[in-house]
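S.K.: Protein chains in written order, with UniProt numbering: chain H, 1 to 376; chain E, 1 to 376; chain B, 1 to 376; chain F, 1 to 376.
This is the structure I want to talk about, given as structure tokens.
Protein chains: 4
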Amino acid sequence: MGTDGYDRYREEVIGRANVADTAELVDFYHDLEAQHAGALWTVANKIEPWEPATESVPIVWRYDRLRGHVLRALDLVTPEQAGRRVVYLANPGRRDVTAAVGWLYSGIQVMGPGEVASSHRHSASALRFIMEGSGAFTNVDGHKMTLGRNDFVLTPNGTWHEHGVSEDGTVCTWQDGLDIPLMNALDANFYEVHPELQQKVGFPIDDSTATWGNAALRPAGETWSKRYSPLLKYEWEPTYEALCRYARVTEGSPYDGLHMDYVNPHTGGPPMTTMGASMQMLRPGQHTKAHREVGSFVYQCAKGSGHSIVGGQRLDWKERDIFVVPSWMWHEHVNGSDREDACLFSFHDLPVMRALGLYRVEGLTINDGYQPLIAA
Amino acid sequence: MGTDGYDRYREEVIGRANVADTAELVDFYHDLEAQHAGALWTVANKIEPWEPATESVPIVWRYDRLRGHVLRALDLVTPEQAGRRVVYLANPGRRDVTAAVGWLYSGIQVMGPGEVASSHRHSASALRFIMEGSGAFTNVDGHKMTLGRNDFVLTPNGTWHEHGVSEDGTVCTWQDGLDIPLMNALDANFYEVHPELQQKVGFPIDDSTATWGNAALRPAGETWSKRYSPLLKYEWEPTYEALCRYARVTEGSPYDGLHMDYVNPHTGGPPMTTMGASMQMLRPGQHTKAHREVGSFVYQCAKGSGHSIVGGQRLDWKERDIFVVPSWMWHEHVNGSDREDACLFSFHDLPVMRALGLYRVEGLTINDGYQPLIAA
Amino acid sequence: MGTDGYDRYREEVIGRANVADTAELVDFYHDLEAQHAGALWTVANKIEPWEPATESVPIVWRYDRLRGHVLRALDLVTPEQAGRRVVYLANPGRRDVTAAVGWLYSGIQVMGPGEVASSHRHSASALRFIMEGSGAFTNVDGHKMTLGRNDFVLTPNGTWHEHGVSEDGTVCTWQDGLDIPLMNALDANFYEVHPELQQKVGFPIDDSTATWGNAALRPAGETWSKRYSPLLKYEWEPTYEALCRYARVTEGSPYDGLHMDYVNPHTGGPPMTTMGASMQMLRPGQHTKAHREVGSFVYQCAKGSGHSIVGGQRLDWKERDIFVVPSWMWHEHVNGSDREDACLFSFHDLPVMRALGLYRVEGLTINDGYQPLIAA
Amino acid sequence: MGTDGYDRYREEVIGRANVADTAELVDFYHDLEAQHAGALWTVANKIEPWEPATESVPIVWRYDRLRGHVLRALDLVTPEQAGRRVVYLANPGRRDVTAAVGWLYSGIQVMGPGEVASSHRHSASALRFIMEGSGAFTNVDGHKMTLGRNDFVLTPNGTWHEHGVSEDGTVCTWQDGLDIPLMNALDANFYEVHPELQQKVGFPIDDSTATWGNAALRPAGETWSKRYSPLLKYEWEPTYEALCRYARVTEGSPYDGLHMDYVNPHTGGPPMTTMGASMQMLRPGQHTKAHREVGSFVYQCAKGSGHSIVGGQRLDWKERDIFVVPSWMWHEHVNGSDREDACLFSFHDLPVMRALGLYRVEGLTINDGYQPLIAA
Ligand SMILES: [Fe+2]
Ligand SMILES: [Fe+2]
Ligand SMILES: [Fe+2]
Ligand SMILES: [Fe+2]
Ligand SMILES: [Fe+2]
Ligand SMILES: [Fe+2]
Ligand SMILES: [Fe+2]
Ligand SMILES: [Fe+2]
């Protein structure tokens, strides 16, 4: 009956549905539809695939192509009109849910000196990775933080938050990462505007980092019962130093190089319940082997340049470029320099996969671990 | 520009996006689209709703209307062709993802005496609630179990499983509940057919219940490291007795009556990582107050009759009828009898909501806690 | 220098301390003593033994020898004078810390009809195992429970508790088990008398069992944040039935027969933080193999008769007799009947050993797993 | 009958045992003793005290008085004879169990250049705090670490370990802290000598610190299933920097000043199951208020000088002096300098107290929070 018959998902495999359409059956299917029902065998092979088949596609967004558009937003709309001036990244396979990959949203936000956004909170968890400019700050539940290039910052679900740039700063851009699409998919998204639009600074500047950002030490009297990290800002310098130190004592992962996860120092686990983040260093000339994981990843190059091969597609990147790795898709990374290391920041939904017992990983065994390129 | 302009989600609220389309802006939006990007303020109010707005609708499937169709499947297709003869329930708002509500699949399966399905396993978690007939059995990783009316059975993710009806049994029907749509949405679904099509019985019949189904006692030497319950079958008689015993010492919940959760005896938590199940008893004449929860529910009436009001819609039910409560939708339950108790079985995705920190519940405060009916 | 020189723990093993006393060294030792110090090598082999060498000895207390003394207490002292009329069991090796074995206290309490003890609470955790009589009750934080033969009851640390026998009851005896010696050893024991001497009954009688004593079901709305079980009474009938059911599907343990742990239904773990309890059934004629565990055990025979071999000593027991198994001591159990099963109740400190990562178990490999008897 | 009668623990308080000896009762007590039993009311008030009454006494060991004795051990015994050349600290109230306080052992170990101790392992957990000298190292399960002044190092239970000083080093001393007395009290202590006496170096030097000692970052691919910290060495410099940074954003604790716990970065919890450790900074001139805790503490002054008042006794200390705080004893700390901060290292058994649910803390409310001194 062709590709839109009821039998278009048939498979000739024992244990799989394999029912040809007949007039009697099609009548039966129509009867079921009238009852808001259907015959499982007409869709079983579609909804029970042999392995995940994502709708997301591998793609890179070059910052030099986007930057001009992002800055144009400064002139086109005011913060009062727009709420936030953000250019979001739309995966061609996930435009309907406004996702960069899987159920993860990402955008590039821009703010000028002296601007500040209104405070609000939501069920969605958010993170930021600072790209350009000086003087940016954020205030999360009264904890005000100064933000510099390559700093990684949390605004966890349920926290009041507002961002801004100081009067003596410059135009700033940063990458936003959120699980908005997932919260909507799960029918679990709530939103509130702060009753006073702006919240107060309730603690010494950068107190969260001074209190919780010390290696293997924690304040003895502090209690913490939230599900997210009490450490809200992870600065670039100690992160890069940590990778260099780690590089001296380990080979690293064949698939991911020198790969470290940002953690909640209170638990040793991921910084938020639904999103994790990592920084990985590729040694000069390193070309990692391919593997695939259940989970979706948004990458930003933090240092250096190179390319990744994702699902057989080559994605070239340099500092500030953003690219994605969809779930269960082969990927490998290449540092383009023989002299400098390259660093890739990423955020992902592995905490969701692990919380639900769904995480898997598999290395490519053919071709010495390298994917053949697919003609685009 | 009307309902399909870029400005169709504008809200006149401080802190929300409120940007009118202009020719210059529309040009800008087109430029962004060419870069696989967009302006957040054109969609912000849509993707950050004030509260969840589910696509699922409240609906009841009456068993006396479906039963004939279900039995007809016995004649129309063989188990070999169909894999399983199941009529699935399609929520009008979720037909695209084959869900009964939210990301939960449900169907009614039928099997004749002497039939047995081929063994397989998948990432999706499954459960069964036995509706009709005698002689049904299931085999989960070698643990063979006999199944009777209103028994609740697990076939957790990753377990080999097969179902059948003994030669001396009768035609049997049961409700299947699975998280197939969620597994697909998360790009995490894997499927395998058992290499020998049929698995062996590796333990004494019903050993799981004899070993783990004892109140507040567990085998001293047994270790268990799986993420699902070692108890695979929860029988109806002790469940009903438990509710009767509980009824003698408690008022119960104003929203849910005498409400008990099936648990994993190894942890006291939900039986599987992604789905939970409950049985609740309504006393004769009881009319509970309305509340709403983040989470999706599929109900089956196990005993008695009555109706529920879900999102302002009255859904009448009697034994074997199935209905759903979508996420964050007001619901209240009414026992139609003044003399007999009524029992409602349900399964739901609260373990997902709790694992991700998203669960909320709220009682209706107006109108003494009862919803006004909405004209259909 | 003989057995009381400083060198009396010398061992001729490489890596162990092996320093002979000399005049110069003894002077040195005296100098250190004056500074509240000492030389480690004079005691190292003593405080770092090759394996645990307990001071507790295996011993059985025959109820027919103790019962008369216990009942005599009814006449000798009033409850007001004595607080509680209890005969405690003193292990010959642990009389200094009033322990039956290790750091576990046990006693036999007696109460006459119409008597009730005053309410109090303490850091020590307590449990009871009912031996004789009818009409006994206990009230734990307002939860009043009726107690019958072989029922196992908790009075966890920090709970107000009082015991009594109803007017129409008979003289009752029960075994008390507490971790009083451990609490004292850890400098952690607190005690309070109830400000009103008697506490109120705050819930329906036996509500804890009706609410939490149902197999693999828990009240859906109840929250529980205490570190002990919300189920306070474990009745004998369902326990015995569970063992019979379990016996039909398992061989059981070669060392412990049909062995089940009482658990906290809220967690699946031990009922209290510092003490666990078990019931085990020996089939007619069963003679288990010897093993040893890090942990101390107090046993009471609940049904039948037989003997145990503990540290090479034969301990004969019948219903109501109490015996102990010290830590890391070989033990095996023998049912004396070829026709009836025998049941042994026990409580122990395994939760402490497990919480601190110290639990070990080892089966005897020589002599087909049976200990040679040691002449007493 | 005087202080050694059976009634010497009587209390005239309702709810407490208050039975005077009589000839008949004393006969009864003798009868019970013959049965390895006793009457609870003769000991109840002793074994159920109103609050903990520790046998440990507050005491300080001045390093300038001990140092000469410690160094003398270098000449008096060889490492081969002594195993380790250690002077242990004996609390006057706990000499029988070789404890410095409660169930905690502490000693001062000395080693000369080129010496190395034989490798062994035990159930007891151990830690070291480096006092003097250069070139010390330790090897824990193949992880060799270089040790400097004020570094804190773990040798967790069950790990093979050996210590030494390099040929080009100087005489080194360090404080050992162990839970040996607790392991013996719990009948849980095992000991083994390494089959080859010396173990190999299996990893790059100091790899544990490079891998796990980075703030809020952990190696992405590493798994860890041990109950102790994968970070084995906590260096002094970053610890002191952390305290300085923390001091800029907090008042600190009124009882403990700027007080940080060393943690297991894999869990955020204590570094070992049975012992924790802390470093606290007292600001110039700071005099903390008194509080008391369930738990025993061994302190060493790491920087500066001052005194503590423990149980009403003044204990003066300067760098390298060691003192103890027994369980549930009031204590307060005073920095003797108005210009320099002072730092106190401590280790303690709070992880045991917390694991068993026994931790309590209470601030002194009288006298503005300061203890009156008790004449010695
Ligand atoms: Fe936001
Ligand atoms: Fe990867
Ligand atoms: Fe299936
Ligand atoms: Fe509900
Ligand atoms: Fe008590
Ligand atoms: Fe045993
Ligand atoms: Fe050692
Ligand atoms: Fe303190």
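Glycine included, every Cβ here is placed at the ideal spot set by N, Cα and C.
Assign Ala244 (chain B) to one of two classes, buried (16 or more other C-beta atoms within 10 Å of its C-beta) or exposed (fewer than that).
M.R.: Per the sequence presented here, residue 244 (chain B) reads as Cys, with Ala not at that position. Exposed is the call here.
S.K.: Under 7 Å Cβ-Cβ, which residues of chain B neighbour Ala90 (chain F)?
M.R.: Per Cβ cutoff of 7 Å: His36, Ala37, Gly38.
S.K.: If we ignore side chains and look at the alpha-carbon of each, how far apart do Asp151 (chain H) and Trp236 (chain H) end up?
M.R.: 5 Å
S.K.: So which residues of chain H does Ala342 (chain F) contact, with C-beta pairs closer than 9 Å?
M.R.: Simply none; closest approach about 17 Å.
S.K.: Roughly how many angstroms lie between the CA atoms of Gly285 (chain B) and Cys343 (chain B), to the nearest whole one?
M.R.: For Gly285 (chain B) and Cys343 (chain B), the distance between alpha carbons rounds to 13 Å.
S.K.: Suppose you measure from the CA of Gly102 (chain F) to the CA of Asp187 (chain B); what does that come to, to the nearest Å?
M.R.: 8 Å
S.K.: How do the region 135-146 of chain B and the region 187-204 of chain B stand: do at least 3 beta-carbon pairs fall below 8 Å, yes or no?
M.R.: yes
S.K.: Please decide whether Asp31 (chain H) counts as near chain E, where near means a Cβ-Cβ distance under 8 Å.
M.R.: yes
S.K.: Which of helix, strand or coil does DSSP assign to Gly5 (chain H)?
M.R.: coil
S.K.: State the Cα-Cα distance for the pair Gly2 (chain E) and Tyr9 (chain E), rounded to the nearest angstrom.
M.R.: Bear in mind that the predicted position of Gly2 (chain E) carries a pLDDT of just 46, short of 50, making it too unreliable to give a figure here.
S.K.: Can you tell me whether Glu293 (chain H) sits near ligand 2, meaning its C-beta is under 7 Å from at least one heavy atom of the ligand?
M.R.: yes
S.K.: Going by DSSP in three states, Glu132 (chain H) sits in which element: helix, strand or coil?
M.R.: strand
S.K.: Less than 7 Å between the CB of Asp207 (chain E) and some heavy atom of ligand 4, yes or no?
M.R.: no
S.K.: So, with DSSP's three-state summary, where would you put Trp212 (chain F)?
M.R.: helix
S.K.: Within 10 angstroms of its Cβ, does Asn91 (chain H) collect 16 or more other Cβ (buried), or is it exposed?
M.R.: buried
S.K.: CA-CA distance, Ala136 (chain B) and Val171 (chain B)?
M.R.: 9 Å
S.K.: Can you give the beta carbon distance from Tyr191 (chain F) to Pro49 (chain B), rounded, assuming they're within the 8 Å contact cut?
M.R.: Yes, they are in contact, since the Cβ atoms of Tyr191 (chain F) and Pro49 (chain B) sit about 6 Å apart, within 8 Å.
S.K.: Hey, how far is the Cα of Leu178 (chain B) from the Cα of Met183 (chain H)?
M.R.: 50 Å
S.K.: Excluding the 5 residues preceding and the 5 following residue 381 (chain F) in the sequence, name in chain order all residues of the same chain whose CB lies nearer than 7 Å to its CB.
M.R.: Here chain F covers residues 1 to 376 and nothing more, so residue 381 (chain F) does not appear.
S.K.: Grab the span of the beta strand (DSSP E) containing Arg62 (chain E) for me, first residue to last.
M.R.: Taken as a continuous stretch (DSSP letters only), Arg62 (chain E) belongs to no beta strand (DSSP E), as it is neither H nor E.
S.K.: I need the boundaries of the beta strand (DSSP E) containing Trp317 (chain B), first residue and last residue.
M.R.: 313-318
S.K.: Please determine whether the Cβ atom of His120 (chain F) lies at a distance below 7 Å from any heavy atom of ligand 7.
M.R.: yes
S.K.: Using a Cβ cut-off of 8 Å, pull out every chain E residue sitting near His259 (chain B), in sequence order please.
M.R.: Pro219, Ala220, Gly221
S.K.: Between the beta-carbon of Gly15 (chain B) and the beta-carbon of Gly83 (chain F), is there less than 8 Å?
M.R.: With a cutoff of 8 Å on beta-carbon distance, Gly15 (chain B) and Gly83 (chain F) are scored as near each other.
S.K.: Step through the CB atoms of chain B and report whether any lies within less than 8 Å of the CB of Asn139 (chain E).
M.R.: no
S.K.: On the premise that Ala53 (chain E) lies in contact with Val324 (chain E), defined as a C-beta separation below 8 Å, what is that separation, rounded to the nearest angstrom?
M.R.: The pair is not a contact, with the Cβ atoms about 16 Å apart (cut-off 8 Å).
S.K.: Shortest alpha-carbon distance to Glu362 (chain H) belongs to which of H:His287, H:His307, H:Asp256, H:Lys318?
M.R.: Selected option, being the one with the closest Cα: H:Asp256.
S.K.: Where does Gln81 (chain E) fall in DSSP's three states?
M.R.: Of the three classes helix, strand and coil, the one that applies to Gln81 (chain E) here is helix, per DSSP.
S.K.: Could you compute how far the alpha carbon of Asn214 (chain F) sits from the alpha carbon of Ala215 (chain H)?
M.R.: Straight across, the Cα-Cα distance linking Asn214 (chain F) with Ala215 (chain H) is about 5 Å.
S.K.: Leaving out five residues before and five after Ser337 (chain E) in sequence, what residues of the same chain have Cβ atoms less than 8 Å from its Cβ?
M.R.: Pro284, Gly285, Gly304, Ser305, Gly306
S.K.: Please classify Pro195 (chain E): is it buried, with 16 or more other beta-carbons within 10 angstroms of its beta-carbon, or exposed?
M.R.: It is exposed - the Cβ of Pro195 (chain E) has fewer than 16 other Cβ atoms within 10 Å.
S.K.: Report yes if the C-beta of Thr159 (chain E) is less than 7 Å from at least one heavy atom of ligand 3; otherwise report no.
M.R.: no
S.K.: Taking C-beta to C-beta, are Gly276 (chain E) and Arg227 (chain H) nearer than 8 Å?
M.R.: no
S.K.: Measuring CB atoms only, is the region 114-131 of chain E touching the region 57-69 of chain H, in the sense that at least three cross pairs come out at less than 8 Å?
M.R.: no
S.K.: Is Leu364 (chain E) helix, strand or coil by DSSP?
M.R.: coil
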